[in-house]
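Just so it is clear: in the sequence shown, position 882 is 1075 by my numbering, and no numbers are missing.
Here a beta-carbon is modelled for each residue, glycine too, at the ideal position from N, C-alpha and C.
Being a predicted model, the structure only gives us computed values, none of them experimental.
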Amino acid sequence: MEKIAVRKVSKLLAVVFIFVFIFSGTGISNGDTITPSDPVSGNDLTIRRADTYERYISQYPDAPRPRTEVEIEVDKYVEIDMKAEILQDFEGSSGKSLKTDEQGYVTWEVDVPEEGLYSLYIEYFPIEGRSAAIEREVWINGISPFNDAKHITFTRVWVNAEEIRRDNRDNDMRPRQIEQPQWQTSYFSDYMGYYNEPYLFHFNKGKNTIKLVSVKEPMVIRSLKLTQYETLPTYEEKLKEWKGKGYQVYDGESVYVQGESAVFKSDPTLYPLNDRTSPATVPYHKSKIRLNTIGSTNWQLPGQWIEWDVEVEKAGLYQITIKGRQNIIRGLYANRRLIINGEVPFKEAENIEFNFTSIWNNFVLGNEDGPFLFYLNEGVNRIRMEVVLGDLAEILREAEESVYVLNSAYRKILMITGKEPDRYRDYQLHKKLPGVMATLREQSEILKELSDSLVEYTGQRGSHNAILDRLSYQLEDMAERPRTIQNRMKQFKDNVGALGTWINDTRNQPFEIDYFIFSAPDAEIPKAEASFFRRIIHEISAFIASFTEDYSSVGNVYDEGEAITVWITTGRDQAQVLKKMIDDSFVPETGVAVNLELVQPNVLLPATVAGRGPDVALSVGNGEPVNYATRNAAVDLTQFPDLNEVLSEFTEPTILPYRFQGGIYGLPEQQQFLMMFYRTDILEELGVEPPDTWEDLYQIISTIQKSNMDVSVPVTRLNDTWGAMETFSTFLYQEGGQVYNGDGISSALDTEEAISAFKKWTELFVNYKFPVEFDAMNRFRTGEMPLLLNEYWLYNNLQVFAPELRGLWEMAPIPGVLREDGVIDRSTTSGGYGVMMLQSSKHKEAAWEFMKWWVSADTQVRFGREMESLMGAAARHPTANIEAAKRLPWPVKDYNALTEQRSWVKGNPEVPGGYFTPRHLNNAFRKVFNEGADPRETLLDYVRIINEEIDNKRKEFGLPLRDGGK
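Here it is as structure tokens:
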């Protein structure tokens, strides 16, 4: 009986325990819980972004828009903190202008006769700088009115440097793009294209101040006005006005203007292109490259414009036909604004839509009522077409706001559930985060409305609606069933990321132009596509030509005996840009012919062993030159008397990897090093400052991790042979240690400095739980990782692929160690690529001339700008040349941060057997991290293995050993 009673009591206690467990809302969790007293800030009604233009302008619903125009005398500033100069009659203008620098600010006082909303209109001259778009912040009465007011952008003017020429194989060569500065006018507007009209700014009656803060590039300002953006007449109204003036409809011969003959463009990406898909493209060749179009994916970002000159013999009203192709964005339109002689002629020309077509098509500019007529003056007329978003602007703007809001909601949920939530636990999110639940419902409705708007815009529900509909359904279901949210976090994050990708893709508006036709309304227009039989002849001819044409060669090709051979291992785009530079710059200047070949990185070694290697190899990893030098396969550059002059353009850390036994076996080409990236909005929300020292970082880690967010540093690097050395070397050099003893005779990782550095490095992951594997780009974008160290290429990717974060993140030097003298030691290492000359070269002097030319500042700047013009800011060239880096298009603040960090960079030497160092450092890290091994003993064990391999290699190459032998 006693046993039965005990069993009954035990069962009763179990039932009570389960009851309490279930109904108390508690349970076992892998992550930290947040109690109602925790500062999660989930109890607001909904999540909002307060610093948008939309929120700003909504504060003034009844503000008037006065017709009064107020002009500011730019030389009468009231405060200035920059290098500035007042100019008289500058570049053909009359009166005074103000030359402003790329950093600093200038403030004017303006007397406004009537309170209200005004647009700002500027006349400016883009003087020489880093060849990037000009960027300014605008402050009104001491405050920046909204976030995007810190990103006001003004374009430059680019032209073809020369006529289209042909190489020695009869292929057209792309003309180089150069700046041709000229006076420009512009409203202050949204550079993302999300608003089709200029910004409006509120000014009080009486005295106001306007401050322009330089973010990027210098410019000369001729005038600055408070004005109103004119409402345009409709086409019917404008046509009636033209006819009232007696303008006649043109009835003469059609005038053709080739797309590739553009006279001015806003970006260096807008160069002539080659299309071989149709024999009807003008000009055409069955097998040779002919530059015969312009635009396509190079001409797709809002604000980009191209100008053409059309000369007509008779003034009148013309029909405009564009032979073009929009074959990229299926189911959507590409939108353009048409400007003739500096003016948009009528409202409909503000947004001209070009529908998807897989083949070339004749687009007659008009609407459902028929073609438009446009007035052209006798003589030369200037036609500009500018990328706009049109009716897509509001859809994309709202979608981008949703991405920001939903990422914020995701982080708030993460603070409750942790990174690895218990799928069986009820976190009671509907009680702890009522604001987030409201946000999910609201955003579901917003996305549903955006999807419906997209259907109304396109006339169909297709693939472009998929992510909007999917995420809308998920949000609604999550709000209805909050108990399921923790099990759907990954899908939620992925869908928000997919929405961001959809925005970036949809924002692109590519359109390609073959030619314009300016004609009478009843003129015969030639067919845009060739006939069936002509296409058949084209395909057959191209196929036959493929047996004789070498499409893999780049540019001019010379006889092998007369030229040096250069191998490049990066990509075809880089090879084409470099070959163009070689043919129009290096060959004419030096008389040295160059055959450039694009090869795979792994063919260099076997080709060299077989005696079939190049004279010069580009973009080789930092470890390769010494590796080849130990086998007498690379040329010692110290034999050239002007070597020191060349090396003066680089820092010693970039040269150190190529030094070996008193020789130098390569020249630096690229350099990458660690920088710190942090989300300003999230750190501000958490109440922490970005760290200056490692001690500062240790202090804020707990605050960030308590919110179930991460901090991290890279464990390994993938772009060269240094593996785990990147972060470890940072600690090592800040501890005052070094990698090798002497000239590489043995490892120095058994010193106390190295052991201390290794402990600090592994403790980040063992004690502080830094993640080992992660997607830096995506986790920074969502806010899961608001602070991290990464190579500075991340900067360019964030600029291009995370536009919703503009103004919400910063790049800064990495944390360091506070020294006794008060200086913070931010030492780190760098990786990169170089160029080397092979010992088998029979043209060493010519090869040396090429190497000098390639790493020079002018060449590196041009290559960097050409690559950026071809592939966008994400392809910014990480040149190792100091002067070249200064002239690449970095904002001043970010360039200064890079310069500060570069001053602390130290080089890692390359030694025989040195490949064992990163390999076994990785092994040591894994053993400590995975097995909990003792850091000191583990590192010392692997140092013995490293030293044995160094001894073996030095013995193989006849070099002195640790014990004094050889």
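In angstroms with no decimal places, state the Cα-to-Cα distance between residue i and residue j.
{"i": "Glu669", "j": "Ile639", "result": "11 Å"}
{"i": "Asn520", "j": "Gly652", "result": "18 Å"}
{"i": "Trp351", "j": "Gln375", "result": "10 Å"}
{"i": "Asp304", "j": "Ala527", "result": "42 Å"}
{"i": "Arg590", "j": "Tyr650", "result": "15 Å"}
{"i": "Asp555", "j": "Val503", "result": "Here residue 555 is Asn; the residue named in the question, Asp, does not match the sequence. In a straight line, the C-alpha of Asn555 is about 18 Å away from that of Val503."}
{"i": "Gly517", "j": "Asp468", "result": "12 Å"}
{"i": "Glu372", "j": "Trp498", "result": "15 Å"}
{"i": "Asp818", "j": "Gly1151", "result": "Note that residue 818 is Pro in the sequence shown, not Asp. Straight-line Cα distance between these residues: approximately 18 Å."}
{"i": "Leu626", "j": "Gly611", "result": "14 Å"}
{"i": "Leu1011", "j": "Ala325", "result": "37 Å"}
{"i": "Ile545", "j": "Asp619", "result": "53 Å"}
{"i": "Pro996", "j": "Tyr384", "result": "11 Å"}
{"i": "Glu1042", "j": "Asp1051", "result": "15 Å"}
{"i": "Ser382", "j": "Tyr388", "result": "8 Å"}
{"i": "Thr474", "j": "Ile552", "result": "11 Å"}
{"i": "Ser724", "j": "Ser471", "result": "10 Å"}
{"i": "Glu1003", "j": "Ser337", "result": "18 Å"}
Looking at the structure shown, is residue i part of a helix, part of a strand, or coil, going by DSSP?
{"i": "Leu463", "result": "coil"}
{"i": "Pro338", "result": "coil"}
{"i": "Asn485", "result": "strand"}
{"i": "Gln421", "result": "coil"}
{"i": "Thr226", "result": "With a pLDDT of 31 at Thr226, under the threshold of 50, the modelled position of that residue is not reliable, and no figure is offered here."}
{"i": "Asn410", "result": "Here the sequence assigns Glu to residue 410, which means Asn is not the residue at that position. Three-state result, Glu410: coil."}
{"i": "Ser646", "result": "helix"}
{"i": "Ser416", "result": "strand"}
{"i": "Phe833", "result": "coil"}
{"i": "Gly437", "result": "helix"}
{"i": "Asp913", "result": "Per-residue confidence for Asp913 stands at a pLDDT of 42, beneath the threshold of 50, marking its modelled position as unreliable; no derived number is given."}
{"i": "Lys516", "result": "strand"}
{"i": "Ala941", "result": "coil"}
{"i": "Trp376", "result": "coil"}
{"i": "Asn1123", "result": "helix"}
{"i": "Glu705", "result": "strand"}
With a threshold of 8 Å on Cβ separation, who are the neighbours of residue i within its own chain once the five nearest residues in sequence on each side are excluded?
{"i": "Arg681", "result": "Gln667 and Met671"}
{"i": "Glu307", "result": "Pro257, Pro259, Thr261 and Lys398"}
{"i": "Val596", "result": "Val689, Leu692, Gly693, Ile696 and Glu997"}
Who pairs with residue i in a beta bridge, going by DSSP?
{"i": "Val759", "result": "Leu789 and Val809"}
{"i": "Leu531", "result": "Met578"}
{"i": "Ile875", "result": "For Ile875, which the question treats as bridged, DSSP gives no partner whatsoever."}
{"i": "Gln281", "result": "Lys289"}
{"i": "Ile403", "result": "Trp301 and Ile333"}
{"i": "Met1064", "result": "Beta-bridge pairing links Met1064 to no other residue."}
{"i": "Glu984", "result": "Leu867"}
{"i": "Ser454", "result": "BP columns for Ser454 are empty, so no partner."}
{"i": "Phe1056", "result": "In the DSSP output, where bridge partners are listed per residue, Phe1056 has none listed."}
Which residues in the same chain as residue i place their Cβ atom closer than 7 Å to its Cβ, once the five residues preceding and following it in sequence are excluded?
{"i": "Phe958", "result": "Val965 and Phe1122"}
{"i": "Leu1063", "result": "Thr462, Asp766 and Val770"}
Between residue i and the rest of its own chain, which residues show a CB-CB distance below 6 Å, the 5 nearest in sequence each way excluded?
{"i": "Tyr961", "result": "Ile894"}
{"i": "Lys276", "result": "Asp294"}
{"i": "Glu328", "result": "Thr346, Val408 and Lys409"}
Let's test the definition: count the other Cβ atoms within 10 Å of the Cβ of residue i and tell me whether it reaches 16, buried, or not, exposed.
{"i": "Tyr985", "result": "buried"}
{"i": "Lys1161", "result": "There is simply no residue 1161 to check, as the chain begins at 194 and stops at 1159 in what is shown."}
{"i": "Lys398", "result": "exposed"}
{"i": "Val759", "result": "buried"}
{"i": "Gly1161", "result": "Here the chain comprises residues numbered 194 to 1159, so residue 1161 is not present and cannot be evaluated."}
{"i": "Arg1069", "result": "buried"}
{"i": "Lys1045", "result": "buried"}
{"i": "Phe216", "result": "Its pLDDT being 37, under 50, Phe216 is placed unreliably by the model, and nothing is read from it."}
{"i": "Pro257", "result": "exposed"}
{"i": "Asn1089", "result": "exposed"}
{"i": "Gly583", "result": "buried"}
{"i": "Thr677", "result": "exposed"}
{"i": "Pro675", "result": "buried"}
Can you confirm whether residue i, when its beta carbon is compared against all beta carbons of chain D, has any partner nearer than 8 Å?
{"i": "Met1030", "result": "Among the protein chains of the structure shown there is no chain D, as only one such chain exists."}
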